[in-house]
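> Handing you a structure now.
2 protein chains.
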Amino acid sequence: MKYWAGIDLGGTNIVCGLVDEDLNLLGKLKQPTEAAKGSGFVLERMAAMVKQLLEETGIPLNELQGVGIGCPGFINPEDGVCMFAGNLGWRDLPVAHLLSAKLQVPVFIDNDVRMYVFGEAAAGAARGYKHVLGITLGTGLAAAMVNTRHLYYGGGYMAGELGHIHMEGEHRKCGCGMSGCLETVASATGIVKQVQEVVRTGATSVLQEWLKDEKLDALTSADVSKAYDAGDAVAVQVMQHTGTLLGRGLAYAVTLYSPDALIIGGGAALAGERLFKPMREELKLKVYPGYWERLHIHQGELIDDGGVIGSAAFAKSQVQPI
Amino acid sequence: MKYWAGIDLGGTNIVCGLVDEDLNLLGKLKQPTEAAKGSGFVLERMAAMVKQLLEETGIPLNELQGVGIGCPGFINPEDGVCMFAGNLGWRDLPVAHLLSAKLQVPVFIDNDVRMYVFGEAAAGAARGYKHVLGITLGTGLAAAMVNTRHLYYGGGYMAGELGHIHMEGEHRKCGCGMSGCLETVASATGIVKQVQEVVRTGATSVLQEWLKDEKLDALTSADVSKAYDAGDAVAVQVMQHTGTLLGRGLAYAVTLYSPDALIIGGGAALAGERLFKPMREELKLKVYPGYWERLHIHQGELIDDGGVIGSAAFAKSQVQPI
Numbered sequence: 001m002k003y004w005a006g007i008d009l010g011g012t013n014i015v016c017g018l019v020d021e022d023l024n025l026l027g028k029l030k031q032p033t034e035a036a037k038g039s040g041f042v043l044e045r046m047a048a049m050v051k052q053l054l055e056e057t058g059i060p061l062n063e064l065q066g067v068g069i070g071c072p073g074f075i076n077p078e079d080g081v082c083m084f085a086g087n088l089g090w091r092d093l094p095v096a097h098l099l100s101a102k103l104q105v106p107v108f109i110d111n112d113v114r115m116y117v118f119g120e121a122a123a124g125a126a127r128g129y130k131h132v133l134g135i136t137l138g139t140g141l142a143a144a145m146v147n148t149r150h151l152y153y154g155g156g157y158m159a160g161e162l163g164h165i166h167m168e169g170e171h172r173k174c175g176c177g178m179s180g181c182l183e184t185v186a187s188a189t190g191i192v193k194q195v196q197e198v199v200r201t202g203a204t205s206v207l208q209e210w211l212k213d214e215k216l217d218a219l220t221s222a223d224v225s226k227a228y229d230a231g232d233a234v235a236v237q238v239m240q241h242t243g244t245l246l247g248r249g250l251a252y253a254v255t256l257y258s259p260d261a262l263i264i265g266g267g268a269a270l271a272g273e274r275l276f277k278p279m280r281e282e283l284k285l286k287v288y289p290g291y292w293e294r295l296h297i298h299q300g301e302l303i304d305d306g307g308v309i310g311s312a313a314f315a316k317s318q319v320q321p322i
Numbered sequence: 323m324k325y326w327a328g329i330d331l332g333g334t335n336i337v338c339g340l341v342d343e344d345l346n347l348l349g350k351l352k353q354p355t356e357a358a359k360g361s362g363f364v365l366e367r368m369a370a371m372v373k374q375l376l377e378e379t380g381i382p383l384n385e386l387q388g389v390g391i392g393c394p395g396f397i398n399p400e401d402g403v404c405m406f407a408g409n410l411g412w413r414d415l416p417v418a419h420l421l422s423a424k425l426q427v428p429v430f431i432d433n434d435v436r437m438y439v440f441g442e443a444a445a446g447a448a449r450g451y452k453h454v455l456g457i458t459l460g461t462g463l464a465a466a467m468v469n470t471r472h473l474y475y476g477g478g479y480m481a482g483e484l485g486h487i488h489m490e491g492e493h494r495k496c497g498c499g500m501s502g503c504l505e506t507v508a509s510a511t512g513i514v515k516q517v518q519e520v521v522r523t524g525a526t527s528v529l530q531e532w533l534k535d536e537k538l539d540a541l542t543s544a545d546v547s548k549a550y551d552a553g554d555a556v557a558v559q560v561m562q563h564t565g566t567l568l569g570r571g572l573a574y575a576v577t578l579y580s581p582d583a584l585i586i587g588g589g590a591a592l593a594g595e596r597l598f599k600p601m602r603e604e605l606k607l608k609v610y611p612g613y614w615e616r617l618h619i620h621q622g623e624l625i626d627d628g629g630v631i632g633s634a635a636f637a638k639s640q641v642q643p644i
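From first to last, the protein sequence lines are chains A and B.
With our numbering, the residue at position 152 of the first sequence is 152, and numbering never jumps.
Counting from 1 along the second sequence, just add 322 to a position and that's the residue number in our numbering.
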């Protein structure tokens, strides 16, 4: 039998999983990253986790065909190099080569969002679709495009930065150094910031009762969903604006990529219809009907396991191209 | 020796050219399409033109390796089918198969703009770049993306409709049935319409002196360039707005595709710096610096021969993949 390991390498935790040829998840392990101990430590820990998982599932090392790693930051997947990962403090680290030397199997690395979307396309909500646009709504807004099982990279592996498209009329400062980027609105952080701004200018909201002003800093997008359900005008207005702006940005991506399926993942996707209804309305209004008619919109299916399954599926696709 | 034919199939004329392995144009023929005589006539004419060109250049038929056809409309390049071409009155016509039967060589067909951009990437202004975004500014605004010598298609071969991205604040009716599409402004037609609108509302322009009101219908984007050079305020304002809006739309495409080179072709590209200066300024302002720094902007080089060379180059890439 053939097996593949997938590693979701985050700034806080490493999650490692093992899948079979059909991408069924056979086992999973989680350990802290402890990036401060250096890249050598993190690489050793990843190797040890893969070995432990093989042992626990009773799979011999020689049946492991490859390992995929999803990593936040700028990755060169062709060379297997992490060019820059701020959370890990890594720069120009040949991760694939270094881990491959430890495990004696091929190792592949790519950006975590690309791995997630690859997973949804291979074994999740977008299984069966040829052209898949996936986005994750979390701290930021990230996107990736998969065409017939191939990730779209563009020059410098930088394609798909939907979150950093400048939206007319928006002016909030973005972490990237620009202003008015889509993710300053369409993300968990963006939702929270918009509510904080409106409430602090004196608008009446149930959130003022629920959270004293000093606690407003701890507001989450889940709180905003709760307020929305209680009929709170501020929450409704912010969700409406966020969904509309997301739909407008997606119209650009849909027109340029022509996807068959749009997959929405990430924590803030739990806002569900509160966000998706205005998003769909604006998207339908702003794209040529031919695009809208072929588009299937789904929430992500793989949730917590998306990074692990996607990374393993990507490794499999590199060793056994379809 | 190996040779390839490229056919630029328009509603008015058919242009057929022959290239060698290095994509040098060895000869060219032009004949009216006479589409009203039916698809059988047009196919026979294309076959006859290829044979005549071989004869004139003294190349035996068995050294012809393949033929590429660039055709306006909706094309399925995988199946070699023209799904819809309004100018020709064709629907679901298996052009590649039918012409291949006449010439006994492989025939390939694709959309004319994709063929043009493929040509600029293979043998024109974008030679040597891996990721090439090409646009043509003509009656409309069309675009195509080439990644490492492969055209990007998306679902239904519909990707890249930059001209039909809805621009906030724009409201002109578009030929596609929507309103506010980028090509209602950023195209030869768009430039002309904007000037006509402003002049008809009573603004003072040298174009009123140059062209009597009844002739304003015959205005061209070249006239607007001349008025711009004469310091005409209306022409300057329209070029500025058009360039700015084009830059804004390109910012969406650059962020999502991450091209290494942007090639600008089509008749209205002759406006040159009048249009490109505001375009560059807006594009630089609206994309993440990492995209701007890697982007090289060039005017198209192949001009009239782009369709023919591109179609031949595409046929070559299909028979001899690089």
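Note that CB positions come from ideal geometry on N, CA and C, so glycine has one too.
1) Quick one: is Y438/B near chain A, going by C-beta distance under 8 Å?
2) Taking its Cβ as the centre, do 16 or more other Cβ atoms sit within 10 Å of E120/A, making it buried, or is it exposed?
3) If you follow the beta strand (DSSP E) that I14/A is in, where does it begin and where does it stop?
4) Please list the segments of the alpha helix (DSSP H) lying wholly inside the stretch 417 to 492 of chain B, counting only runs of 4 or more residues, in order along the chain.
5) In the DSSP assignment, the beta strand (DSSP E) including G349/B goes from what residue to what residue?
6) If S258/A and G476/B are in contact, beta carbons under 8 Å, what's the gap, nearest whole angstrom?
7) Could you give the uninterrupted runs of the alpha helix (DSSP H) lying entirely in the stretch 495 to 565 of chain B, keeping only those of 4 residues or more?
8) Quick check: the Cα distance between G388/B and A637/B, rounded to an integer number of angstroms?
9) Am I right that V107/A and A144/A are in contact with their C-beta atoms under 8 Å? What's the rounded C-beta distance?
10) Output, in chain order, the set of chain B residues within a Cβ distance shorter than 7 Å of T255/A.
11) Within 10 angstroms of the Cβ of R274/A, are there 16 or more other Cβ atoms? Answer buried if so, exposed if not.
12) Using the Cβ count rule (16 or more neighbours within 10 Å means buried), how would you classify T526/B?
13) What is the C-beta distance between E183/A and G190/A, in whole angstroms, given that I count them as a contact (C-beta under 8 Å)?
14) Specify, as a first and last residue, the run of the beta strand (DSSP E) that G333/A falls within.
15) With three or more beta-carbon pairs closer than 8 Å as the criterion, would you say the stretch 596 to 607 of chain B touches the stretch 298 to 316 of chain A?
16) Considering only DSSP beta bridges, list what G40/A is partnered with.
17) Which residue marks the beginning of the alpha helix (DSSP H) containing V319/A, and which one marks its end?
18) Can you pull the chain B neighbours of P259/A, defined as C-beta to C-beta under 8 Å?
19) Report the rounded CA-to-CA distance for H453/B versus V42/A, giving the unit in angstroms.
20) I need the DSSP call for Y3/A, collapsed to helix, strand or coil.
21) Residue range of the alpha helix (DSSP H) that L597/B falls in?
22) Of the residues L410/B, I397/B, I329/B, which one's Cα is nearest the Cα of M668/B?
23) By the three-class DSSP mapping on this structure, what secondary structure does G247/A have?
24) Measuring only between beta-carbons, confirm whether E281/A sits less than 8 Å from chain B.
25) Are the C-beta of R616/B and some C-beta of chain A separated by less than 8 Å?
26) What residues of chain A sit near A573/B, judged by a beta carbon separation below 9 Å?
27) Can you pull the chain B neighbours of C176/A, defined as C-beta to C-beta under 7 Å?
28) Nearest-angstrom Cα distance between D342/B and S547/B?
29) Would you mind sorting E377/B into buried or exposed? The rule is 16 or more other CB atoms within 10 Å of its CB.
30) Put N398/B into one of helix, strand or coil per three-state DSSP.
31) Here's the rule I'm using: 16 or more other beta-carbon atoms within 10 Å means buried, otherwise exposed. How should P77/A be labelled?
32) At least one CB of chain A closer than 8 Å to the CB of Y613/B: is that the case?
33) Are the stretch 281 to 290 of chain A and the stretch 91 to 106 of chain A touching, with three or more C-beta to C-beta distances below 8 Å?
34) With a threshold of 8 Å between beta-carbons, can M158/A be considered close to chain B, or not?
35) Does the beta carbon of K330/A come closer than 8 Å to any beta carbon on chain B?
36) Mark N326/A as exposed unless 16 or more other C-beta atoms lie within 10 angstroms of its C-beta, in which case mark it buried.
This is what the structure holds:
1) It does not: the Cβ of Y438/B has no partner Cβ on chain A nearer than 8 Å.
2) Counting Cβ neighbours within 10 Å, E120/A comes out buried, since at least 16 surround it.
3) DSSP places I14/A inside the beta strand (DSSP E), whose first and last residues are 13 to 19.
4) For the stretch 417 to 492 of chain B, whole alpha helix (DSSP H) runs of length 4 or above, ordered along the chain, are 417 to 425, 434 to 445.
5) Run containing G349/B: 347 to 354, per the beta strand (DSSP E) assignment.
6) Distance from S258/A to G476/B at the Cβ level is roughly 3 Å; contact confirmed, criterion being Cβ atoms closer than 8 Å.
7) You should have 510 to 522, 528 to 532, 543 to 551.
8) Cα to Cα, the separation comes out at about 6 Å.
9) With 8 Å as the limit, V107/A and A144/A do not qualify as a contact, their Cβ atoms being about 20 Å apart.
10) Using a Cβ-Cβ cut-off of 7 Å, T255/A is close to E483, H486, I487 of chain B, given in chain order.
11) With 16 or more Cβ atoms within 10 Å of its Cβ, R274/A is classed as buried.
12) Exposed, since its Cβ has fewer than 16 Cβ neighbours within 10 Å.
13) Confirmed, Cβ separation roughly 6 Å.
14) This structure cannot speak to residue 333/A, because chain A is shown only from 1 to 322.
15) The stretch 596 to 607 of chain B, when compared against the stretch 298 to 316 of chain A, does not touch it at the 8 Å Cβ threshold.
16) In the DSSP secondary-structure assignment, G40/A is not bridged to any residue.
17) Per DSSP, the unbroken alpha helix (DSSP H) holding V319/A starts and ends at 306 to 319.
18) Listed along chain B are G476, G477, each with a C-beta nearer than 8 Å to that of P259/A.
19) CA-to-CA, the gap between H453/B and V42/A works out to about 34 Å.
20) Reduced to three states, the DSSP call for Y3/A is strand.
21) Residue range 595 to 608 is occupied by the alpha helix (DSSP H) that includes L597/B.
22) The question about residue 668/B has no answer here: the residues shown for chain B are numbered 323 through 644.
23) Here G247/A sits in helix by DSSP.
24) Taking a beta-carbon distance threshold of 8 Å, E281/A does not count as an interface residue toward chain B.
25) At least one chain A Cβ lies under 8 Å of R616/B.
26) Per Cβ cutoff of 9 Å: I165, H166.
27) Neighbours of C176/A on chain B, chain order: Y610.
28) Here the alpha carbons of S547/B and D342/B stand approximately 38 Å from one another.
29) Burial call: exposed.
30) Under the three-state reduction of DSSP, N398/B is assigned to strand.
31) When all chains shown are included, P77/A counts as buried.
32) With 8 Å as the cut-off, Y613/B counts as an interface residue toward chain A.
33) Between the stretch 281 to 290 of chain A and the stretch 91 to 106 of chain A, the count of Cβ pairs shorter than 8 Å is below three; the stretches do not touch.
34) With 8 Å as the cut-off, M158/A counts as an interface residue toward chain B.
35) This structure leaves residue 330/A out entirely; chain A is present only between 1 and 322.
36) Nothing about residue 326/A can be read from this structure; chain A reaches only from 1 to 322.
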